[in-house]
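Visitor: Take this structure, written in structure tokens, and hold onto it; I'll ask about it next.
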Amino acid sequence: MSEPKRKRLAIIASQGTLDWAYPPFLLASTAAAMDMEVGVFFTFYGLTLLNKEIDVKVAPQTNPAMPMKMPFGPKGFQNIEWPIPNILANNIPGYETMATAFMKKTFAKKGVASIEDLREMCVDMGVRLIGCQMTMDVFGFGEDQFIDGVELGGAATFLEFAADSDISLFI
Amino acid sequence: MTEMNADQVLDCKGLNCPLPVIKTKKAIDGMEPGQILKMVATDPGSKNDITAWASRTGNELLSGDQTDEGYVYFIKKS
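Residue numbers (our numbering), protein chains in the order written: chain P, 9 to 179; chain E, 179 to 256.
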């Protein structure tokens, strides 16, 4: 009996912020756990997600729906949604750094894996991580700044893999 | 609730999506066909997710119950 063909998931990860770093790694690791064959093509700002040290932030000013809640203090206090106007959010120095720290803390408290952990799981489960060669050239990135196991390629490399995929996502 | 003897127990309490699924997959990978894994989670989303994972991977979800301990799943490795 021949093995049935595995389902295939092809993802393009194009964003380099903390919130947008989650979907590609989360879906890729889960799909791999569901015995799917997975490839992620990291392009433009998404390419920074392959750096050995991931340094991404969340930008509240471009996410007007983002709830601003405190990850500490009594429960009633934590449930307050702070109405911080964009005009302030855009101009308070360090606001983005604070929002990033709060998001990481909230996620950790809720038992959500870190981006680094999800990425490691992807590597462990054999997810293909493809870095965009063109983006490397444009942004001046070197292959030595990426984690081990990253393949390099371009649009055709991704499309060749995606052509036989069952699910294809642009994130 | 369904109670049966498990060959291995996996504690996923306090973990959120997708960790219970991924840890279940890793535990099952290390087991022999026919063996039974007991997994306990607190994530309410695990109910649908573990069902979907089992159906996709062909491992058999023998039972899934909400108990005082949390959501308790018994999974037989295919």
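Where a beta carbon is used, it is the ideal one built from N, C-alpha and C, also for glycine. All figures in this text were calculated on a predicted structure; none of them were measured in a lab.
Could you compute how far the alpha carbon of D186 of chain E sits from the alpha carbon of T202 of chain E?
Guide: According to the sequence as given, residue 186 of chain E is Gln; it is not Asp. C-alpha separation (whole angstroms): 11 Å.
Visitor: So, are the CB atoms of N237 of chain E and I253 of chain E less than 8 Å apart?
Guide: For N237 of chain E and I253 of chain E, yes; Cβs fall inside 8 Å.
Visitor: Got a sec: which bits of the region 23 to 44 of chain P sit with their beta carbon under 9 Å from any beta carbon on chain E, in order along the chain?
Guide: Listed by position along the chain: L34, L35, S37, T38, A40, A41, M42, D43 and M44.
Visitor: Of all the residues that make up the region 190 to 207 of chain E, which are near chain P by a beta-carbon distance shorter than 7 Å?
Guide: Within the region 190 to 207 of chain E, the residues whose Cβ lies closer than 7 Å to some Cβ of chain P are G192, L193, N194, P196, L197, V199, I200 and K203, listed in chain order.
Visitor: Can you confirm whether T245 of chain E, when its beta carbon is compared against all beta carbons of chain P, has any partner nearer than 8 Å?
Guide: Not closer than 8 Å to any Cβ of chain P, the Cβ of T245 of chain E fails to qualify, so no.
Visitor: What is the residue span of the alpha helix (DSSP H) that F115 of chain P lies within?
Guide: Per DSSP, F115 of chain P belongs to the alpha helix (DSSP H) from Y103 to K117.
Visitor: Chain E partners of M129 of chain P, CB-CB under 8 Å?
Guide: The answer, in chain order, is I200.
Visitor: Do you know how far the Cα of P68 of chain P is from the Cα of M74 of chain P?
Guide: Spanning the two alpha carbons is a distance of roughly 6 Å.
Visitor: Take N94 of chain P and list the residues in its own chain whose beta-carbon comes closer than 8 Å to its own, dropping the five residues that flank it on each side.
Guide: Closer than 8 Å at Cβ, skipping near neighbours: Q69 and P72.
Visitor: According to DSSP, V250 of chain E sits in a beta bridge with which residue or residues?
Guide: According to DSSP, which records beta bridges pairwise, V250 of chain E is partnered with E:V218 and E:D243.
Visitor: Compare the C-alpha of F110 of chain P against each of P:L57, P:F52, P:K65 and P:M144 and name the closest.
Guide: Residue P:K65 is the option with its Cα nearest to F110 of chain P.
Visitor: Hey, could you find the ends of the beta strand (DSSP E) D207 of chain E is sitting in?
Guide: Run containing D207 of chain E: none in the beta strand (DSSP E); it sits in the alpha helix (DSSP H), L197 to D207.
Visitor: Starting from the Cα of L57 of chain P, find the closest Cα among P:A41, P:L137, P:K15 and P:M44 and give me that residue.
Guide: Nearest C-alpha to L57 of chain P: P:L137.
Visitor: Buried or exposed, going by whether 16 or more other CB atoms sit within 10 Å of the CB of L17 of chain P?
Guide: L17 of chain P is buried by the Cβ-count criterion.
Visitor: If you measure from the beta carbon of A67 of chain P to each beta carbon in chain E, is any gap under 8 Å?
Guide: Answer no: the Cβ-Cβ gap between A67 of chain P and chain E never drops below 8 Å.
Visitor: Quick one: what does DSSP say S176 of chain P is sitting in, helix, strand or coil?
Guide: Note: S176 of chain P maps to strand in three-state DSSP.
Visitor: By the criterion of Cβ-Cβ separation under 7 Å, what are the contact partners of V120 of chain P in chain E?
Guide: Per Cβ cutoff of 7 Å: N194.
Visitor: Between A41 of chain P and V199 of chain E, is the Cβ-Cβ spacing less than 8 Å?
Guide: Yes, these two residues count as a Cβ contact at 8 Å.
Visitor: With DSSP collapsed to three states, give me the class of R234 of chain E.
Guide: Of the three classes helix, strand and coil, the one that applies to R234 of chain E here is helix, per DSSP.
Visitor: Report the three-state DSSP secondary structure of G47 of chain P (helix, strand or coil).
Guide: Strand, per DSSP.
Visitor: Looking at the secondary structure, which residues open and close the beta strand (DSSP E) in which D189 of chain E lies?
Guide: Where D189 of chain E is concerned, the enclosing beta strand (DSSP E) stretches over Q186 to C190.
Visitor: Using the rule of at least 16 other Cβ atoms within 10 Å of the residue's Cβ for burial, across every protein chain shown, is G54 of chain P buried or exposed?
Guide: Looking at its Cβ environment, which holds 16 or more other Cβ atoms inside 10 Å, G54 of chain P is buried.
Visitor: Do you know how far the Cα of K113 of chain P is from the Cα of Y257 of chain E?
Guide: Given that chain E is displayed from residue 179 to residue 256, the structure contains no residue 257 of chain E and the question cannot be resolved.
Visitor: At a Cβ threshold of 8 Å, is T235 of chain E touching chain P?
Guide: Closer than 8 Å: yes.
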